[in-house]
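One structure below.
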């Protein structure tokens, strides 16, 4: 979270930014360092 809004910094493998944005109400700011989440 920043003053500008909610920042998407990690994404789960197999999902897209567009899918995540469609699932949440606030507009997401995509981090320039967006990375794939590590799975256990």
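Numbering (my numbering), first residue to last: 50 to 89. A virtual CB, placed ideally from N, CA and C, is assigned to each residue, including glycine.
Here residue 85 is bridged, per DSSP, to 60.
Taking a C-beta distance under 7 Å as the contact criterion, residue 75 and residue 55 qualify as a contact pair. In terms of Cα proximity to residue 86, the closest of 64, 52, 50 is 64. Distance between residue 89 and residue 60, taken at the CA atoms: about 14 Å.
Taken through DSSP and simplified to helix, strand or coil, residue 76 comes out as coil.
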